[in-house]
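*Asks:* Just dropping this structure here.
There are 4 protein chains.
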Amino acid sequence: MWGGRFAEGPAAIMRDINASISVDKRLWREDITGSKAHAEMLAAVGVISEADGKEIVDGLERVAQEIETGAFTFSADLEDIHMNVEARLIELIGEPGRRLHTARSRNDQVATDFRMWTRRACRDAADAIGVLQVALVDQAEANADVVMPGYTHLQIAQPVTFGHHMLAYVEMLERDRSRFADAAARMNECPLGAAALAGTSFPIDRNRTAAALGFDRPCANSLDAVSSRDFAIEAVMAASLCATHLSRLAEELVMWTSPHFGFVRLPDAFSTGSSIMPQKRNPDAAELCRAMPGRIVGALSTLLIMMKGLPLAYAKDMQEDKAATFAAFDGLSLALAAMSGMIRNLNVNRDAMRAAAALGYSTATDLADWLVRTRRTPFRRAHEIVGRIVAIAEKKGLTLDKLALSDLQSVDPEITQDVYDVLSVEASVGSRTSFGATSPTNVRERIADWRTRFEEMPT
Amino acid sequence: MWGGRFAEGPAAIMRDINASISVDKRLWREDITGSKAHAEMLAAVGVISEADGKEIVDGLERVAQEIETGAFTFSADLEDIHMNVEARLIELIGEPGRRLHTARSRNDQVATDFRMWTRRACRDAADAIGVLQVALVDQAEANADVVMPGYTHLQIAQPVTFGHHMLAYVEMLERDRSRFADAAARMNECPLGAAALAGTSFPIDRNRTAAALGFDRPCANSLDAVSSRDFAIEAVMAASLCATHLSRLAEELVMWTSPHFGFVRLPDAFSTGSSIMPQKRNPDAAELCRAMPGRIVGALSTLLIMMKGLPLAYAKDMQEDKAATFAAFDGLSLALAAMSGMIRNLNVNRDAMRAAAALGYSTATDLADWLVRTRRTPFRRAHEIVGRIVAIAEKKGLTLDKLALSDLQSVDPEITQDVYDVLSVEASVGSRTSFGATSPTNVRERIADWRTRFEEMPT
Amino acid sequence: MWGGRFAEGPAAIMRDINASISVDKRLWREDITGSKAHAEMLAAVGVISEADGKEIVDGLERVAQEIETGAFTFSADLEDIHMNVEARLIELIGEPGRRLHTARSRNDQVATDFRMWTRRACRDAADAIGVLQVALVDQAEANADVVMPGYTHLQIAQPVTFGHHMLAYVEMLERDRSRFADAAARMNECPLGAAALAGTSFPIDRNRTAAALGFDRPCANSLDAVSSRDFAIEAVMAASLCATHLSRLAEELVMWTSPHFGFVRLPDAFSTGSSIMPQKRNPDAAELCRAMPGRIVGALSTLLIMMKGLPLAYAKDMQEDKAATFAAFDGLSLALAAMSGMIRNLNVNRDAMRAAAALGYSTATDLADWLVRTRRTPFRRAHEIVGRIVAIAEKKGLTLDKLALSDLQSVDPEITQDVYDVLSVEASVGSRTSFGATSPTNVRERIADWRTRFEEMPT
Amino acid sequence: MWGGRFAEGPAAIMRDINASISVDKRLWREDITGSKAHAEMLAAVGVISEADGKEIVDGLERVAQEIETGAFTFSADLEDIHMNVEARLIELIGEPGRRLHTARSRNDQVATDFRMWTRRACRDAADAIGVLQVALVDQAEANADVVMPGYTHLQIAQPVTFGHHMLAYVEMLERDRSRFADAAARMNECPLGAAALAGTSFPIDRNRTAAALGFDRPCANSLDAVSSRDFAIEAVMAASLCATHLSRLAEELVMWTSPHFGFVRLPDAFSTGSSIMPQKRNPDAAELCRAMPGRIVGALSTLLIMMKGLPLAYAKDMQEDKAATFAAFDGLSLALAAMSGMIRNLNVNRDAMRAAAALGYSTATDLADWLVRTRRTPFRRAHEIVGRIVAIAEKKGLTLDKLALSDLQSVDPEITQDVYDVLSVEASVGSRTSFGATSPTNVRERIADWRTRFEEMPT
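Each protein sequence line maps, in turn, to chains B, Y, S and W. The first sequence: position 181 = 181 (my numbering), numbered continuously. Heads up: take any position in the second sequence, counting from 1, add 1000, and you land on my numbering. Heads up: take any position in the third sequence, counting from 1, add 2000, and you land on my numbering. Heads up: take any position in the fourth sequence, counting from 1, add 3000, and you land on my numbering.
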């Protein structure tokens, strides 16, 4: 029955429920760092002796070394990383080890460790985004004046430059990066010392531990400190948005690499081949990025549902927080690395892009704008005139720049020869020089801006 | 940068993207069973020789044995369970092994394996639900006439029996069970033989492989067979609803075990204690069940987002399907086992329940119904009369059955002595004998029904 | 402050919280039908007089007429549709109206009304799916032998027929249809008579009301009857899967109508034009269908989160159920209608599809299969041989069927002239005759099957 | 069939798809403000004449007046608010009206309007949070020293003060407030002038329109400007977290108002009564707040699913953005108003809280800490000693402070009379004076901090 799960009896079930060690052992560095800061503080304020403090710190460093070298044996009976480390510490140093847990509790300890992990994950994600942004700017520079179709509804609408298209994603990613920075800053308060839920009567120095662990300050309310997980949820929210942006670019890569577009070619290293069809370059890495919002938004749902309607303070429900957060950041990290690799190594087929850009009367708006600018035709009227001209072009099977002047004049006699100056795709993109527009000049200015910003970025 | 992920180069990233072996090795039984059926069919229709067929089947059984005994070495370079098994088969038996993959493709193979796994998971879940239903019916029987408060808005509304309350969950779970049965039935069509996406020109016998693998019939469209995952999503949907039902009962257990209710006591085996407070019985197992919709609905989100807008046929995005489905069913299986264990071992505090049932003027509706029944008072008027009586009771600090007849008559002179027959909580629950109502008699009838149904259930 | 919401005071806030009439007035037909059945039953069992019963029924019919003709004034002060109808009934017929609410409560009343609505929505959805299936089968028939590319990873893999592609969706939709049927059947138990939560002491006949309202039987547990909403959630789950299927076809329509594919043309009636670019046919209806999982899965999330961890029985939280369910079914109904319209009127460009199908060495698998079939080459070896041949073809810029026999023989001397019989896309699809495969013959057989099934369908 | 939807024909379906006016008319103020800024800019840079510019602005003000007074007739044929306003403008002022749409498109127009709306919604939400924070601080001040149970797992763990509990939510809400501020700041870039997707060749001044509309700067990439919706998603994410926090407090209110706790009483104005049970105070407003994450996280799902995998630039899918965002903010606004009203008017039952705080040996940790502090017992040993003492207390049915000294000394002979100083709940909370702890002194300091911060807050 149930694959035998129940047959193993309550002990087996409760072990599966309680033992989080398989998930939370990933927090071992944070746990040891946090305990060292706590012990040093306890000694500094006199709650434990200096000697005990030193023994604890030394002991913790030995535990760290054991874990790092693989000599440590994790035990599910000790439930979690916190008990595993403390138990080993007591084995190693005896009595002083029993003093480490003074003035704290697992509730503030796990909150502290998990915050440190999530803070690091946010910063790593921001860095990985930066790497992708550089790859996009590099591609933008290499293709600043490559003309491609701009789409609405996947119908060709107006020509744009490939550089401009790449920079659109740099903008989105910049907001993603700033969201991770905001999340990391907002969570940067230290729960340590909140104890079980009510604080403690020991004269601890929470500013000291907070500073030692790189936090801006201690959390100001002990109940909130142990029972809030919005810091992790906000981080996963930032990851969800970033993954959504990656999924859009990924969808474009999947389409662009298909024979119907043929706009780009992915390097072998980022494609999956087929032994039977050696020409095939399956964009697996792009498809993974496209699917990634699934994994990350799924984790976000898990976290939000878990916290809904939970009374204060700690409840076991919250144990679900780490698996979901780890899964989200593992997925994001993989997707960012894969996307950076693809973008950096993208082979752009200028001719295919240029040819497609000319389809669909993509310079019709330029013609309307020419009427407004040179003939002072009200825009809504110009719009109608161009509609009639495109109808003629369609009937004759010609692009706009191949229509005879007489055809143009048959709709609006005021049209003159110089209209042809605006009807090519190159003229179109060249003329789009308003701030934020697609012209190669704009793209290059913007690239220069980004280069400057990247240089100024702290590393 | 990014914890070094990118530094490892494209190969490392692509390995992380492609190698699903860490997840899908769980499908090894299904994979070998499917391959055996395929080989036997190929031999039966003459696509391969009888001798080759036999060698393949024997070889696959050796592979199975190696995996079962732990002698098998899984290789990430071989990407997934399918290639791991086939490669080992060729190592073991040589040339005939190279004929196994005739007239199939990984696309139909993985779809077949995963369907078999999910079908089994649905059936196991249905069985585990059955176990929990029996535990609930047992508790209902033991407490058929225990009176407890029935709530609306967590305010005490009318008395009910604990047996009736338990049976409410038996009903919900019965629908959950039937949803798993429906899902298992609907998915029971065999993708094997759909090949990559278009079927094959070999004269294969798909009815034979379908039957051999316990399917009702082969899938009727090859494109659909390899590119649909609604079977897994429907299974996770059934799991989501079941988890939602468990979360409601879990919330009640958390409240009932708190000192404010004290309605039930969980056995030590299903509680987590505290070495400092030995009386404490933290309902960790209940809290896990309460949180479980998070994990399962999260997996559901993952799957739905992954499939949204995916063109036919196979895309790499779909590789995300297994991790999410496995996580959902692992979680559900754990929650069902934990809940069964808790319910089976629940200690019910009749006195605490009875005392609470009398609070809140819970028999006010009985008084109104008495007026309607004996005095032909229209219900809406009876409603108003009772409102005024309860106001008097509240003012005097008495329960309804302790009010003097004169007090009752001061509001409605037609009230007579025999009204007291309906004002106790026992009288109230005893009188609720309409079909589906809460009286002990009803509860016992219903228990008998369930016993009969459980006996008739196929095992 | 807050757009003045708070300034209006508690009364305004509570009215916004309580008044569900703007949402639930949509249930008016169900409410009146349910009340009529209840009144007739009360009279039949003697709880009210025959005369009162008749007056109530006549009065309810007058209310229905008022609502139908727009003469009815809905009042937010009366909170919901149930109180609006009952209050008006009492205005119209006086005292007997006050007897209607005997032996029921708003809790069972709303559950009954909402089940009837959801049951109808499921049946309507199933019908609308049937309409779309017919449109798909019609397209399949008209294009049974049109060859198009079959894709994996949006790379061209093997040729398929357009008819086969259409029928893939007929399969998916058939499962969707059966899910709605299952949901409608499972929910078909009547809550009426469960009263507030505990049943009633009146001798009501729940079988009678259940039958009168088209239910298979009454709900067997009163607590479950008033506090479960899995019926609505299951219905929205079925809608979520159906919307996911539609989103896949919609994505294909968006791509196929783009100039890069040019496979199909949507009629004007189902496109949005542009006055400036008259050739433009924006596939807005397809994009709406693609986005629809957002709306429906969002509603599903709402419902699942709302129910998570809710203790029995009724809680105000559940009031959120109707807005979400209505939104989901409105969206699905619109998407199904839009998709049926598009498919029915799709113009298929056979030449564009045929031309694309020949790209990408799409018959490479046919060559491998030929080697297996005629030369008894083990498949894995045949696979390698074909890989080398395709490499030559790619180098020479030729499709497989244009390669010289000497080129083929340079890789495998056993290849003979008759191999050319399998290298065209027509030969490829023609040879795929295994059950469920893509050949025109298969497609026509399958169409015949569907026609028969549609005829047998109850209407 | 389908409730007749299809019978109405394509026109009806497409109208339902295209006509967003029923949803987006809510943007009328933003639309007119945006158009005025655009017209003034066009005149300033000479694209239109000063006279035309003035006529347009005057005309738009007339349109605004018509809408405000209800004189305006919205037309579904004109699809959306943008076309409705522009069409009316042209009716009113003729030719100059046809010049308004120069150098812009609906794509940048709708993005601008929707950003302005969302920015305002974020600011309003932040204000409404501030109101709730003040209410919580007021309750904290009035109940700074009221002792209540602090819970883990809903088991009584340690005594805390009610003031401290209230302030925990002030902390959570402060982070929510700062998230809305961050979102509003990050989105504060103006899309106007991005035109359809590529920018424009007109010499527009985007800095001018950005400044006129209160944006910090124009969006720097036209493709990003028209096709990104992360601004709305981030806002709904902040709303989701805030709603999750409210749901936790709401769950507590539902429990606290139940007779099992009896900790607080909600005023009539924020409860729903029952005419039959006048004492009943259903916490409907709290239940609505508890359910609110359903509505808001549902909207978040909608938005994330909608955007997943969408290629640039505008697609019709995005039309779903507004309904979801409006629903989320309407819900949040209602929940914040309801919660503020409840908290402001909460009647606290000190005695019930105090009595419950003493249950469950809630000062056991104080005893352990006393041993550590006065006897230098290592904490883990103290932990064990207290466990044995609590076992005695449980056996004798006494609270810790009622145990005889001899009983205490039977476990640890070093315990002395002065231990009783720490065993009362008052002593316990009084001693918790570490930073962020629960003592009344801490609570009062923290209240003073909040008062100062609220005063410094810009209004």
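Glycine is no exception: its CB is placed at the ideal position from the N, C-alpha and C atoms. The structure presented is a predicted model; accordingly, all values stated were derived computationally and were not measured.
For G2004 (chain S), which residues of its own chain have a beta-carbon under 6 Å away from its beta-carbon, when the five flanking residues on both sides are left out?
*Replies:* Because G2004 (chain S) carries a pLDDT of 48, less than 50, the predicted location of this residue cannot be relied on, and the following value inherits that uncertainty. There are no such residues.
*Asks:* What I want to know is whether the C-beta of F2263 (chain S) ends up closer than 7 Å to one or more non-hydrogen atoms of the ligand PLP.
*Replies:* The ligand PLP is absent from the structure shown, which contains no ligands of any kind.
*Asks:* Please name the residue in W:N3345, W:P3159, W:F3231, W:T3257 whose C-alpha comes closest to that of S3439 (chain W).
*Replies:* Ranking the options by Cα distance to S3439 (chain W), first place goes to W:P3159.
*Asks:* So does the segment 1260–1277 of chain Y actually touch the segment 1326–1336 of chain Y, counting three or more Cβ pairs closer than 8 Å?
*Replies:* With a cut-off of 8 Å, the segment 1326–1336 of chain Y and the segment 1260–1277 of chain Y do not count as touching, because too few Cβ pairs lie within range.
*Asks:* Beta strand (DSSP E) containing M339 (chain B): first to last residue?
*Replies:* No beta strand (DSSP E) holds M339 (chain B); the alpha helix (DSSP H) holding it covers 321–344.
*Asks:* For P1311 (chain Y), which residues in the same chain have their Cβ closer than 7 Å to its Cβ, ignoring the five residues on either side in sequence?
*Replies:* Nothing listed; no residue qualifies.
*Asks:* List the residues of chain S whose Cβ lies closer than 7 Å to the Cβ of L3288 (chain W), in chain order.
*Replies:* Going along chain S in sequence order, the residues near L3288 (chain W) (Cβ under 7 Å) are I2017, K2316.
*Asks:* Between the segment 1248–1260 of chain Y and the segment 2250–2266 of chain S, do three or more beta carbon pairs fall short of 8 Å?
*Replies:* As far as the Cβ criterion goes, the segment 1248–1260 of chain Y does not touch the segment 2250–2266 of chain S, which means the pair count is below three.
*Asks:* Measuring CA to CA, which of S:T2363, S:D2351, S:E2171, S:G2130 is closest to D2398 (chain S)?
*Replies:* Checking the sequence shown, residue 2398 (chain S) turns out to be Leu, not Asp. Among S:T2363, S:D2351, S:E2171, S:G2130, the Cα nearest to that of L2398 (chain S) belongs to S:T2363.
*Asks:* For the alpha helix (DSSP H) that G294 (chain B) lies in, which residues bound it at each end?
*Replies:* Taken as a continuous stretch (DSSP letters only), the alpha helix (DSSP H) holding G294 (chain B) covers 284–307.
*Asks:* Between which two residues does the alpha helix (DSSP H) holding P3168 (chain W) run?
*Replies:* The identity of residue 3168 (chain W) in the sequence shown is Ala, whereas the question assumes Pro. From DSSP, the alpha helix (DSSP H) with A3168 (chain W) extends over 3162–3186.
*Asks:* Quick one: does L1334 (chain Y) have its CB under 8 Å from some CB of chain D?
*Replies:* The structure shown contains no chain D; its protein chains are B, Y, S and W.
*Asks:* Considering Cα atoms alone, identify which of S:A2212, S:C2219, S:R2208 is closest to A2111 (chain S).
*Replies:* Among S:A2212, S:C2219, S:R2208, the Cα nearest to that of A2111 (chain S) is on S:C2219.
*Asks:* Can you tell me which of the three DSSP states P2096 (chain S) falls into?
*Replies:* Note: P2096 (chain S) maps to helix in three-state DSSP.
*Asks:* Please tell me whether A2211 (chain S) has its Cβ less than 8 Å away from any Cβ of chain Y.
*Replies:* No, because no Cβ of chain Y sits closer than 8 Å to the Cβ of A2211 (chain S).
*Asks:* Count the other C-beta atoms from every protein chain shown that fall within 10 angstroms of the C-beta of D3107 (chain W), then say buried if there are 16 or more, exposed otherwise.
*Replies:* Position check: residue 3107 (chain W) holds Asn in this sequence, whereas Asp was assumed. Buried, because 16 or more other Cβ atoms sit within 10 Å of the Cβ of N3107 (chain W).
*Asks:* Pull up the CB-CB distance for G1309 (chain Y) and R2248 (chain S), whole angstroms please, since I reckon it's below 8 Å.
*Replies:* Confirmed, Cβ separation roughly 6 Å.
*Asks:* Would you grab the beta carbon distance between I3090 (chain W) and D3031 (chain W) for me? Rounded to a whole angstrom, and I think it's under 8 Å.
*Replies:* Not quite, the Cβ-Cβ distance comes to about 15 Å (not below 8 Å), so this is no contact.
*Asks:* Exposed or buried, what is M2339 (chain S) when buried is set at 16 or more other beta-carbons lying within 10 Å of its beta-carbon?
*Replies:* With 16 or more other Cβ atoms within 10 Å, it is buried.
*Asks:* On the DSSP letters alone, give me the boundaries of the alpha helix (DSSP H) that M1353 (chain Y) sits inside.
*Replies:* That run of the alpha helix (DSSP H) goes 1350–1357.
*Asks:* For A1157 (chain Y), which three-state DSSP category applies?
*Replies:* Strand, per DSSP.
*Asks:* C1219 (chain Y) by DSSP, collapsed to three states: which one?
*Replies:* C1219 (chain Y): coil per DSSP, three-state reduction.
*Asks:* Determine the DSSP secondary structure at Y1151 (chain Y), reduced to helix, strand or coil.
*Replies:* In the structure shown, Y1151 (chain Y) sits in a strand (DSSP, three-state: E or B).
*Asks:* Applying the criterion that 16 or more other CB atoms from any shown protein chain within 10 Å of the CB defines a buried residue, is N3442 (chain W) buried or exposed?
*Replies:* It counts as buried.
*Asks:* Determine the burial state of T2161 (chain S): buried for a count of at least 16 other Cβ atoms within 10 Å of its Cβ, exposed for fewer.
*Replies:* By the neighbour-count rule (16 or more Cβ atoms within 10 Å), T2161 (chain S) is buried.
*Asks:* In chain Y, which residues lie less than 7 Å from Q3155 (chain W) when you measure between Cβ atoms?
*Replies:* By Cβ distance, chain Y contributes S1258, K1280, N1282.
*Asks:* Within 10 Å of its beta-carbon, does S2022 (chain S) have 16 or more other beta-carbons around it, so buried, or fewer, so exposed?
*Replies:* S2022 (chain S) should be labelled exposed.
*Asks:* Closer than 8 Å, CB to CB, is G2199 (chain S) near chain Y or not?
*Replies:* Cβ-Cβ to chain Y under 8 Å: yes for G2199 (chain S).
*Asks:* CA-CA distance, V236 (chain B) and A3125 (chain W)?
*Replies:* Rounded to the nearest angstrom, the two C-alpha atoms are 22 Å apart.
*Asks:* Please confirm whether R119 (chain B) has its beta-carbon closer than 8 Å to some beta-carbon of chain Y.
*Replies:* R119 (chain B) does not count as touching chain Y.
*Asks:* Output yes if chain B places a C-beta closer than 8 Å to the C-beta of Y3151 (chain W); else output no.
*Replies:* Chain B contact via Cβ: present.
*Asks:* What residues match up with R1265 (chain Y) in a beta bridge as DSSP calls it?
*Replies:* Paired residue(s): Y:N1347.
*Asks:* Could you check what DSSP says for T3272 (chain W) in three-state terms: helix, strand or coil?
*Replies:* Strand, per DSSP.
*Asks:* Thinking C-alpha only, which one of S:I2447, S:D2366, S:A2448 is nearest E2426 (chain S)?
*Replies:* Out of S:I2447, S:D2366, S:A2448, S:D2366 has the C-alpha closest to the C-alpha of E2426 (chain S).
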